[in-house]
Each structure stands twice: as C-alpha cells, then as structure tokens.
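K.L.:
Residue numbers for the sequence shown follow the numbering used here, beginning at 659 and rising by one. C-beta: ideal position from N, C-alpha, C; glycine also. The structure's right below; bear with me while I get my questions together.
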Amino acid sequence: MTNAAETFAELDAQYVPSQAIEKVARALINRHDRFRPLDELRIVYLERLGEPAGEGEGMLAKCMKATGPWPDVAHVDLVIWIWSDVWKRLSPTQREALTAHELCHPFITEKGTLKLLKHDLEEFSWVARHYGPWLADVAIFERQLREFQDEHAGSNVVDMKRPRHKAPRVEM
659 MTNAAETFAE LDAQYVPSQA IEKVARALIN RHDRFRPLDE LRIVYLERLG EPAGEGEGML
719 AKCMKATGPW PDVAHVDLVI WIWSDVWKRL SPTQREALTA HELCHPFITE KGTLKLLKHD
779 LEEFSWVARH YGPWLADVAI FERQLREFQD EHAGSNVVDM KRPRHKAPRV EM
C-alpha cells in the first residue's frame with residue numbers, strides 16, 4: 659500500500675488501506691476504456707471501519723477529491739472509501755459494481771482538471787412506478803437495465819439501504 663494511504667489512515671483510525679478494493683479497482687481501470695484516464699491519478703483506496711449509521715445510512719462508499727495540501731503532502735489526487743461491513747457482505751460481482759460506481763465519479767477535463775461527476779439519474783422509485791420513464795435520463799437508465807437483463811440471467815441485487823421512514827405503499 660502507498661504512503662498516501664498510510665498517511666490518510668493515520669489521520670483517522672476509522673479508515674484503513676484496502677488492497678482488496680485497490681485490486682478490484684485496478685482490474686476495472688485496466689479492463690474498461692472509460693476508466694483508463696484514471697490510471698494517471700494517484701488514488702488511495704480505504705475501508706471505513708464499521709457500517710453505515712445515522713445520516714449516511716444509504717451511503718455505501720464515497721469518492722473524494724484530495725484538496726488543499728493533500729495532493730502535495732500525501733501525493734494523492736483521489737480517495738475512494740467503502741464501508742468495511744458493506745464490503746464483507748457483498749458478492750464479488752457486487753463489489754465490482756460498487757467499485758465501478760465510485761470510479762464513475764472522477765472525470766479529467768480536456769485541460770487536465772479533476773472533476774467529480776454527479777449521478778446520471780436521480781429519481782424516486784414511487785415516481786418511476788407511477789409515471790414510468792418520463793424523463794430522458796430515466797428512459798436511458800431503463801433501456802440500460804433492460805439490455806443487462808437480456809444479456810444476464812439471475813439477479814445481482816443487494817438491499818443495503820434502511821429507509822429513514824416508511825413510504826406508504828400505493829397500489830396502482
């Protein structure tokens with residue numbers, strides 16, 4: 659593991675370097691053209707000890723730009739952390755999907771500036787159930803899911819979220 663990972667881990671004992679996450683990420687970076695530009699970045703992969711609780715219950719992982727002095731002091735551009743309890747409960751395919759999700763956030767502009775991308779889709783399942791793909795991004799997402807289902811049998815689904823409140827179930 660790199661000095662940068664050790665530096666970040668020493669700052670807060672709730673984070674530890676993770677060779678397992680790094681191995682999955684390196685494989686994804688090498689396998690997919692979308693991730694190839696990330697090969698130029700100094701990325702630290704950490705496990706956050708414990709499990710999600712409180713405000714961030716739905717957050718399984720996080721991709722963060724190293725800002726301020728950290729790029730110079732710790733020689734790191736990006737930090738990706740995943741809850742250790744979440745990582746342990748995921749199958750290898752789910753671990754790869756979660757790591758790929760985090761690797762989709764960083765983007766290097768034409769000028770070489772590192773930016774973090776927001777998610778492609780933001781929608782409530784209730785709205786999707788009642789109105790279907792009413793926005794272009796929802797329709798694109800639906801099409802991608804259909805293509806995946808056509809190509810792969812079985813399910814990769816893991817339910818890690820614990821809703822803060824129960825939404826009423828409405829039958830159509």
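I'd like to know if the region 744-760 and the region 768-775 are in contact, where contact means that at least 3 CB-CB pairs between them fall below 8 Å.
P.N.:
No, the region 744-760 does not touch the region 768-775.
K.L.:
Kindly indicate the opening and closing residues of the beta strand (DSSP E) around Ala724.
P.N.:
As a working mapping, residue 724 is identified with position 66 in the sequence shown. No beta strand (DSSP E) holds Ala724; DSSP gives it neither H nor E.
K.L.:
Can you check whether the C-beta of Arg694 is within less than 8 Å of a C-beta belonging to chain B?
P.N.:
Of the protein chains in this structure there is only one, and it is not chain B.
K.L.:
Work out the CA separation of Val796 and Arg753 for me, nearest whole Å.
P.N.:
Within the sequence shown, the letter at position 95 stands for residue 753. Within the sequence shown, the letter at position 138 stands for residue 796. In a straight line, the C-alpha of Arg753 is about 24 Å away from that of Val796.
K.L.:
Could you spell out where the beta strand (DSSP E) holding Phe765 opens and where it closes?
P.N.:
Position 107 of the sequence shown, counted from the start, is the residue given in the question as residue 765. First-last of the beta strand (DSSP E) with Phe765: Pro764 to Ile766.
K.L.:
Taking the alpha carbon of Ala719 as the point to measure from, which residue in Leu696, Tyr673 and His690 has its own alpha carbon closest?
P.N.:
What you label residue 719 is simply residue 61 of the sequence shown in a count that begins at 1. That would be Tyr673, whose Cα lies nearest to the Cα of Ala719.
K.L.:
Using three-state DSSP, classify Ala711 as helix, strand or coil.
P.N.:
Position 53 of the sequence shown, counting from 1, holds the residue named residue 711. Ala711 falls in the coil class under three-state DSSP.
K.L.:
Go through its chain and collect everything with a Cβ distance to Ser676's Cβ below 7 Å, but skip five positions before and after it.
P.N.:
Walking along the sequence shown from the start, residue 676 turns up at place 18. Counting only Cβ-Cβ distances below 7 Å, and skipping sequence neighbours, we find Tyr703, Leu704 and Glu705.
K.L.:
What residues are listed by DSSP as bridge partners for Glu705?
P.N.:
Along the sequence shown, read from residue 1 onward, the residue named residue 705 stands at position 47. Its beta-bridge partners are Val674 and Ile740.
K.L.:
Taking Cβ positions, are Val734 and Arg700 nearer each other than 8 Å?
P.N.:
Here residue 734 is taken as the residue at index 76 of the sequence shown, counted from 1. Here residue 700 is taken as the residue at index 42 of the sequence shown, counted from 1. Contact flag set, yes.
K.L.:
Is the beta carbon of Glu780 less than 8 Å from the beta carbon of Trp741?
P.N.:
In the sequence shown, counting from the first residue as 1, residue 780 sits at position 122. In the sequence shown, counting from the first residue as 1, residue 741 sits at position 83. No, the Cβ-Cβ distance between Glu780 and Trp741 is not below 8 Å.
K.L.:
Around the Cβ of Val737, are there at least 16 other Cβ atoms within 10 angstroms (buried) or fewer (exposed)?
P.N.:
Residue 737 sits at position 79 when you count from the first residue of the sequence shown. With 16 or more other Cβ atoms within 10 Å, it is buried.
K.L.:
Let me know the secondary structure DSSP gives Ala732 once reduced to three states.
P.N.:
Locating residue 732 in the sequence shown gives position 74, counting from the first residue. It is coil, neither helix nor strand.
K.L.:
Here's a check: name, in chain order, each residue in its chain whose Cβ is nearer than 6 Å to the Cβ of Phe799, leaving out the five neighbours to either side.
P.N.:
Residue mapping note: residue 799 aligns to position 141 of the sequence shown, counting from 1. Within the same chain, Phe799 has close Cβ partners Leu779.
K.L.:
Give the DSSP bridge partners of Leu699, in chain order.
P.N.:
Walking along the sequence shown from the start, residue 699 turns up at place 41. DSSP lists no partner for Leu699.
K.L.:
Do you know how far the Cα of Trp784 is from the Cα of Leu692?
P.N.:
Within the sequence shown, the letter at position 34 stands for residue 692. Within the sequence shown, the letter at position 126 stands for residue 784. According to the sequence provided, residue 692 is Arg. The question's Leu does not apply to it. Rounded to whole angstroms, Arg692 to Trp784 spans 31 Å at the Cα level.
K.L.:
What residue range does the beta strand (DSSP E) around Leu774 cover?
P.N.:
Along the sequence shown, one-based indexing puts residue 774 at 116. Here the beta strand (DSSP E) through Leu774 covers Leu772 to Leu774.
K.L.:
Rounded to the nearest angstrom, what separates Pro729 and Pro695 at their Cα positions?
P.N.:
Position 71 of the sequence shown, counted from the first residue, corresponds to residue 729. Position 37 of the sequence shown, counted from the first residue, corresponds to residue 695. Taking the straight line from one Cα to the other gives about 18 Å.
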